[in-house]
């Protein structure tokens, strides 16, 4: 995968997350540099729906740009830096405020766990990070590496951490995985909220089911790709999609 | 009805189900071959919103293609094959994950039953199939004929089976019927969820009402056709609609 | 107001109700003939979003066309005929299935009453009509004048009657009024549902507040017209709007 | 900031609030005259989505136009006049009926308070004004300065007052702030409603967190501007955006 494709895919990911209401003016997605694990790519400070290739910048694991950069950067880029630092297995990170996950960080009676098969990738355990536990009264933003590292510690080896009163951070083994996980996370949250309202016992996915789904996952499988292609088309950037070792295919673009 | 029309209608059905949020990147719709009840048509592995005529393939009741086929197929095509095998009366099948039916498979305190007249076609009884009952920990996908036949057994002679933590399968006497049923299923689910939240006694449709509505149904009645035409227009394919023995009519196309 | 304007306004009303999710493939709106109170105008059997001038037909108070008509008519046109027959004050009628009013007909613990100022026009009392009370097991459709007259009796001198498991019928002193009432009816229903979920005492609008709002209402006031113009623009037919004795004004058309 | 820019920004604010479902046919936004604190700008009586430069009028703190004006004005312009009169710190005002805040004015068991970081700007206390407390049975509209002053008294030095059965009034130190506050107010309301339904203890933002966020706020910061630019693009008026002392930048316009 060359860098051009990496940057292009990151642009697509920005647009998909905007179109699917995972991000709005705020929220961001990044991808680790494929050849240099100490660097990652992320947009400059801009609403994801407006991101183009020229808006992508390269940062180090301290959250600072690796080249001269005069443009403003996301205040919370330390979320990404700290997760890449702590988790060598992670290739892509999303931070967002998707509305329907918020209640699970605010009212902690019902833990957010997978109840639908497309939600399995959030993992069996979704910890809730409260910035106040360590840092007291703040503006809730992850403004430095100390904040970021505390969040990464809470995330542990999970896929998603909720951030109390704020949003979530998710970590994936590929860009496609983290986008898919972030799209289905609010859907799983809605299904669980509504099931809770219906009452009676909740049937969560079992540990074995989560493991079985995880084992069957591959970022370039037909099934995974089907969603990526679909979402890119919906977001109006189907024409940007390229698939390694497959013929370029897009419709309605 | 010639095969060209069958394939065209299946393309329209794909687009309608996408536009009405019954399917997204996942989910599929099929129609039995009108002249060969041992075959059925379904798209190759592709998001329904992107399906065109060339994407339709012909499968046998074992879920395998009847001609050489190099393109990837839906993993869960066995849902369709097994229902056609078990139910000679069924001419069309939908499998989807429409969000608002999910809670009824997860929290089984409140059975999903018709509460609105447009929901009557889901039938008086909607069984819930749990793949784990017979197959233990799986990835929840209907990956083979064994899975499919177990689902078809649970469906019995009903119109819809919920699939725990996954979605639903619906079976109709015509493509138009199964599409309509699948569009109104989540609406009926929402009405029931919200009525439950208001509290007090729920007035379900009576058995007699469900039977009366069923008796009055015809896939090419003016009323049925009105919805098909409307949904096709909304989905941007009003120009593809053809009505047997009626003048072709479409607007805003 | 000449007939051309009446028909044009009825086309606009159809499109507005479709755009505002009050009707979908089903549901209809009618207006009494301004010069002949025993006739009314309504579309032939067609989804409201697709209605054009040539689709408008003229019916008598028996629900039958007053001219030769070969095109199919709405099965439930008797809702309109019976309300016009019973209520000389009513100039326009809507029948629809707007989703968020349905729970109040299904679970009758919480009566639907105005809780927001824009909901005041539904009136202090919204009766619930159950077709089964008099006619037993039916397909729930208002298929003849007997059904229609029973519904009209239940409506009495109110503005809206809910129809159990089906939808609502609303009656207004003008087309603009009945459209506005029908648009704000589901919004009032949602506000009441959610307030109920928050718990505690519900502050309904008082009788005096409902009367005060009613007294201040005029179908061609600046405030009423503002909504009509706005909705027509949203529905893509701002260019069809004409206002008696005012300069024609539309934007973004 | 010259007057041309002020008027242009007010047009953008109207379109953003419409696109973000804060206003519909009703609701309005105003800005104080930058050079004459006894005047303010607001649209003539028109749905916000249709407002253009020529629709902006200049009113005094009595709610009356400062120049000859034959066009109809908003009935409730006294909300704005009275708040500007009472609060010299306020530079911009919104009045709207955003649906998801309504339940908190109707069922007063759960006070509306910040639970998400983007909701912090509504302030720690959101009073509920009931016009009936002082004026008895009215049509609920703020029709004169007496009504407006009573509302302004209830608002006190807070940012938002709910209006029972009606909507809200919000006051900001800049146009961008009041728009942002008004967009995130319903989102905070939804998060709180759903958290309440999940049950258990609600973690509100602390006073210290609200203060910390407030301290960090600046109307022309990169982060604030990012949302303004994004919303303007979504609302189709990205090309109208101008940023003082920055290069003009817009995309997808």
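Chains as they are written, first to last, in this note's numbering: chain A, 1193 to 1445; chain B, 1193 to 1445; chain C, 1193 to 1445; chain D, 1193 to 1445. For glycine and all other residues, C-beta sits at the position ideal for the given N, C-alpha and C. Owing to the predicted nature of the structure, the values given are computational and were not obtained by experimental measurement.
Close to residue 1422(A), with beta-carbon spacing below 8 Å, are these residues of chain B in chain order: 1216, 1217, 1239, 1241 and 1242. As computed with DSSP, residue 1362(B) is found in a beta bridge with 1286(B) and 1352(B). Apart from sequence neighbours up to five positions away, the residues of its chain that approach residue 1218(B) with a beta-carbon distance below 7 Å are 1289, ordered along the chain.
The C-alpha of residue 1199(C) is placed about 9 Å away from the C-alpha of residue 1249(C). Counting C-beta pairs closer than 8 Å gives fewer than three between the segment 1382-1391 of chain B and the segment 1400-1412 of chain B, which falls short of the contact rule. The beta carbons of residue 1271(D) and residue 1424(D) sit no closer together than 7 Å. Residues of chain C with a Cβ closer than 8 Å to the Cβ of residue 1398(B) are, in chain order, 1324 and 1329.
Collapsing the DSSP output to three states places residue 1264(C) in coil. Taking a Cβ-Cβ cut-off of 7 Å, the neighbours of residue 1404(C) in chain D comprise 1329, 1330 and 1331, given in sequence order. Taking a contact to require three or more Cβ pairs closer than 8 Å, the segment 1341-1358 of chain B and the segment 1410-1422 of chain B do not qualify as touching. Contact fails between the segment 1329-1338 of chain A and the segment 1367-1379 of chain D, because fewer than three Cβ pairs, one in each stretch, are under 8 Å apart. For residue 1394(D), a Cβ of chain A is located within less than 7 Å of the residue's own Cβ.
Residue pairing of residue 1299(C) in beta bridges, as defined by DSSP: 1394(B).
Counting along the chain, residue 1293(D) sits inside no beta strand (DSSP E), nor does DSSP assign it H or E at all. Proximity of residue 1416(B) to chain C, defined by a Cβ-Cβ separation below 7 Å, is not satisfied.
The beta-carbon of residue 1298(C) is placed less than 7 Å from the nearest beta-carbon of chain B.
Secondary structure of residue 1318(C) (DSSP, three-state): coil.
Selection 1301(B), 1294(B) and 1355(B) evaluated against residue 1323(B) yields 1355(B) as nearest (Cα-Cα). Per DSSP, the unbroken alpha helix (DSSP H) holding residue 1339(C) starts and ends at 1337-1347. In the structure shown, residue 1222(C) adopts extended strand secondary structure according to DSSP, grouped into three states.
No Cβ-Cβ contact shorter than 7 Å links residue 1269(A) with residue 1252(A).
For residue 1400(D), the enclosing alpha helix (DSSP H) begins and ends at 1399-1407. Judged by DSSP in its simplified three-state form, residue 1277(B) adopts helix. For residue 1378(A), the secondary structure class from DSSP, reduced to helix, strand or coil, is helix. For residue 1209(B), no beta strand (DSSP E) encloses it; the enclosing alpha helix (DSSP H) starts and ends at 1195-1211. Annotation: residue 1235(D) to residue 1313(C) spans about 26 Å, alpha carbon to alpha carbon. Of the other Cβ atoms in all chains shown, fewer than 16 fall within 10 Å of the Cβ of residue 1412(C); this residue is therefore exposed. Residue 1195(D) counts as exposed, since fewer than 16 other C-beta atoms from the protein chains shown sit within 10 angstroms of its C-beta. Take residue 1316(C), set aside five residues on each side of it, and the residues of its chain with a beta-carbon closer than 6 Å to its own are 1399 and 1402, in chain order. For the segment 1284-1310 of chain B, the set of residues with a beta-carbon nearer than 9 Å to any beta-carbon of chain C comprises 1306, 1307, 1308, 1309 and 1310, in chain order. Remark: C-beta atoms of residue 1367(B) and residue 1275(B) do not approach each other more closely than 7 Å. DSSP places residue 1235(C) in the strand class (E or B) of the three-state scheme. Within the segment 1251-1283 of chain A, not one residue has a Cβ closer than 9 Å to any Cβ of chain B. According to the DSSP secondary-structure assignment, residue 1249(C) is paired through a beta bridge with 1234(C). About 11 Å separates the CB atoms of residue 1361(C) and residue 1377(C); that is not less than 8 Å, and the two are not in contact. Residue 1297(B) has its alpha-carbon roughly 21 Å from the corresponding atom of residue 1296(A).
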